[in-house]
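Written out below as structure tokens is the structure these notes cover.
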Amino acid sequence: MENEAFASFLFFGTLLVLKMYAVAVITGQVRLRKKAFANPEDALRHGGLQYHREDPDVERCLRAHRNDLENIPPFLFLGAAYSFLGPDPSVARLHFLAFFLGRLAHTVAYLLRLRAPLRSVAYVAAQAPCLSMALQILLAEFRRAL
Amino acid sequence: MENEAFASFLFFGTLLVLKMYAVAVITGQVRLRKKAFANPEDALRHGGLQYHREDPDVERCLRAHRNDLENIPPFLFLGAAYSFLGPDPSVARLHFLAFFLGRLAHTVAYLLRLRAPLRSVAYVAAQAPCLSMALQILLAEFRRAL
Amino acid sequence: MENEAFASFLFFGTLLVLKMYAVAVITGQVRLRKKAFANPEDALRHGGLQYHREDPDVERCLRAHRNDLENIPPFLFLGAAYSFLGPDPSVARLHFLAFFLGRLAHTVAYLLRLRAPLRSVAYVAAQAPCLSMALQILLAEFRRAL
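Protein chains in written order, with the numbering used here: chain W, 1 to 146; chain U, 1001 to 1146; chain R, 2001 to 2146.
Written as structure tokens, this is what we have:
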């Protein structure tokens, strides 16, 4: 049983990492399209130092990516720890799926600048399974310590 | 024994993740209070595009959070790897507790802008158990390879 | 076999975490040398509020570090998950070594501002083993689910 939850965790964790990589690729494409590079050496390679500049679309990609950094690595810890508790595999899968869909929707809402509060709703939807897992890990530790 | 160290790691790891989430919540509160939003769509929802702006208090929260990103995920790796080495459970707990208290103090010193070098002292205090764990992991691998 | 791949993963994972810590130390040194501090309380301690300012060399360090944050925690997940699949230990070690060398080269190219596209080549070289591991994790899950 625990094994099945853990396998499911590895599957969704990998999809989430690939989703993060996709944001990095999109950021690179936007930099090339808008000609806005963070480093002078990159700007020089793409037309000149005048392209060493900021751009609101690039900044948006960076914010979406940073929000991933704030949330996906913590999930990769919580999901593994929670899997070790031997949860019901379908309940566990539901946690992982909810987080995955929430984060996917967050990225889409961010990059396509959907109107507020769609992005925030996706963020909260993804946080819910994380808080549930965190609570279950803490409870298991309290039970063990008694 | 290893199991006990690992359970202790999961406990403190979860507390650290919750601490990071708290910084995110505080950032959101400061954004609302100071009316300073990173995205035009958020500003529009909260009074108008003039609130699409930076704010030093928000920037401070973002720096505190970023410092967490630089340090807490590495701990989540080191702490797990170190637990697998089968350390003495009370020595292991001391490592995790020291890191947790150091990071908690770091966040408090950052957000309450305590005078320097309090924040740096907390940072170094949290790094010490990480370096100890990293060294023990490398030593175990060298011993295994011989 | 799996154990040997996992031990190798722990070894390279720890080296990568230490590499990240080194970037943090370098950032601090550049801040002191260029007298450019992100926080007024730090500037006050080092000569006055006029040193509460940005600096292109500090920004460069921060970008190198951020790129690590975007790539090293995902590797720490993928590498562990991939090790659990029971890969051939020498093939596994090759994945971890390639990622480590790619990331080391990326940091060196970033901090020494080597000419483009050296940094990007290092980035892509480090991504290749990650994509290989991600694919193998997903394939194993598909095989398991059938």
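C-beta atoms are modelled at their ideal positions from N, C-alpha and C, and glycine is treated no differently.
Closer than 7 Å at the C-beta level to chain U, one finds these residues of the region 129-145 of chain W: ALA134, ILE137, LEU138, GLU141 and ARG144.
According to the DSSP assignment, R:ASN2003 belongs to the alpha helix (DSSP H) that extends over 2002-2034. Counting only residues of its own chain and dropping the five nearest sequence neighbours on each side, W:ARG31 has a CB closer than 7 Å to the CB of PHE37 and VAL58. For a Cβ distance threshold of 8 Å, residue set ARG63 of chain W lies close to U:ALA1038, ordered along the chain. Listed along chain U, the residues sitting closer than 7 Å to W:PHE77 by beta-carbon distance are GLY1013, VAL1017 and LEU1076.
Annotation for R:GLU2041: the continuous alpha helix (DSSP H) segment containing it runs 2040-2045. Between the region 7-24 of chain W and the region 65-82 of chain W there are three or more C-beta pairs closer than 8 Å, enough to call the two in contact. Using a Cβ-Cβ cut-off of 7 Å, U:PRO1087 does not count as an interface residue toward chain R, since no Cβ of chain R sits closer than that to its own. For the C-beta of U:LEU1069, the chain W residues within less than 9 Å are, from N- to C-terminus, ARG66, LEU69, GLU70 and PRO73. Annotation for R:CYS2061: VAL2023, ILE2026, THR2027, VAL2030 and LEU2111 place their beta carbon closer than 8 Å to its own, counting only its chain and skipping 5 residues before and after. Distance from the Cα of W:PHE9 is smallest, within the candidate group W:MET133, W:ARG144 and W:LEU146, for W:MET133. In the three-state DSSP reduction, R:PHE2037 falls in the coil class, being neither helix nor strand. Closest in alpha carbon position to U:PHE1099, among U:ASN1003, U:ALA1116 and U:PHE1011, is U:PHE1011.
Put simply, the backbone Cα of R:LEU2076 is about 13 Å away from that of R:ALA2126. Ranking R:ILE2137, R:ALA2005 and R:ARG2144 by CA distance to the CA of W:LEU15 puts R:ILE2137 first.
Between R:ALA2005 and R:ALA2092, the CB-CB gap stays under 7 Å. At a C-beta separation below 7 Å, R:ALA2125 has no neighbours in chain W, since its nearest C-beta there lies roughly 15 Å away. U:HIS1106 is positioned such that its CB atom lies no closer than 7 Å to that of U:PRO1129. Sequence-distant partners of R:TYR2051 (beyond 5 residues in either direction) whose C-beta falls short of 7 Å from its own C-beta, in its chain, are LYS2035, ALA2036, PHE2037 and ALA2043. Residues of the region 1107-1126 of chain U that bring their beta carbon within less than 7 Å of a beta carbon in chain R comprise ARG1113, ARG1115, ALA1116 and PRO1117, in sequence order. For R:ALA2024, no Cβ of chain W is located within less than 7 Å of the residue's own Cβ.
Under a criterion of Cβ atoms nearer than 8 Å, the residues of chain W adjacent to U:ARG1045 are, in order, ARG115, ALA116 and PRO117. Between the beta-carbon of R:GLY2013 and that of U:ALA1140 there is about 13 Å, and that puts the pair past the 8 Å contact cut. Between the alpha carbons of U:LEU1101 and W:GLY47 lies a gap of roughly 49 Å. A residue is called buried once 16 or more other Cβ atoms fall within 10 Å of its Cβ, and U:ALA1145, having fewer, is exposed.
Using a 10 angstroms sphere on the CB of W:LEU135, the tally of other CB atoms stays under 16, which defines it as exposed.
Contact check for R:ALA2116 against W:ARG53 fails: the beta carbons are separated by 7 Å or more. Put simply, the backbone Cα of U:PRO1056 is about 10 Å away from that of R:ASN2039.
Under the three-state reduction of DSSP output, R:ALA2098 falls in the helix class. At the C-beta level, R:LEU2118 and R:ALA2109 come within 7 Å of one another. Taking the beta carbon of U:ALA1081 as reference, the chain R residues within 8 Å of it are LEU2010, GLY2013 and THR2014, listed in sequence order.
At a C-beta separation below 7 Å, W:GLU41 has these neighbours in chain R: ARG2113, ARG2115 and ALA2116. U:ARG1093 carries a helical assignment under DSSP once its states are collapsed to helix, strand and coil. Nearest neighbour of W:LEU104 by Cα position, chosen from W:PRO74, W:PRO89, W:ASP88 and W:VAL121, turns out to be W:VAL121. Around the beta carbon of U:SER1090, a 10 Å sphere encloses fewer than 16 other beta carbons of the protein chains shown; the residue is thus reported as exposed.
In chain order, GLU2141 and ARG2144 make up the part of chain R whose C-beta sits under 7 Å from the C-beta of W:ALA7.
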